[in-house]
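In this note's numbering, the protein residues as written are 1 to 93. Below is one structure, written out as structure tokens, with a few remarks after it.
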Ligand SMILES: [Cu+2]
């Protein structure tokens with residue numbers, strides 16, 4: 001589960017009329033992973049499933065705020081995440 005908060009302490013709208021998409025991207029190799037699914041659980045809380053890091057290394061979680069009618073990206077919050085060999089091996093079964 002992922003709660004969207006801003007690191008700079010700027011206020012976050014309690015309710016958003018936008019939809020959200022989480023893109024998994026590996027910048028060093030210029031590829032992503034299969035699309036995730038995002039489901040709204042509560043105001044400001046979203047459940048993300050189908051999150052598959054297909055290899056270890058440096059990834060980016062690109063959290064896109066979408067305009068629902070046009071499906072246009074309005075804003076992107078990028079969070080770096082490192083998947084170690086150990087974590088990768090533990091997650092594949
Ligand atoms: Cu890669």
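Glycine included, each C-beta is placed from N, C-alpha and C at the ideal position. Owing to the predicted nature of the structure, the values given are computational and were not obtained by experimental measurement.
query, result
"So, with DSSP's three-state summary, where would you put residue 58?", "strand"
"Give the straight-line distance between the Cα atoms of residue 62 and residue 68, rounded to the nearest whole angstrom.", "17 Å"
"Check whether the Cβ atoms of residue 19 and residue 55 sit closer than 7 Å, and answer yes or no.", "no"
"What are the complete beta strand (DSSP E) segments, minimum 3 residues, inside the segment 39–87?", "45–49, 57–67 and 72–83"
"From the DSSP output, in three-state form, read off residue 19 for me.", "strand"
"According to the Cβ coordinates, are residue 75 and residue 25 closer than 7 Å?", "no"
"For residue 51, I'd like the list of residues in its chain whose CB is within less than 6 Å of its CB, leaving aside the five on either flank, ordered along the chain.", "36"
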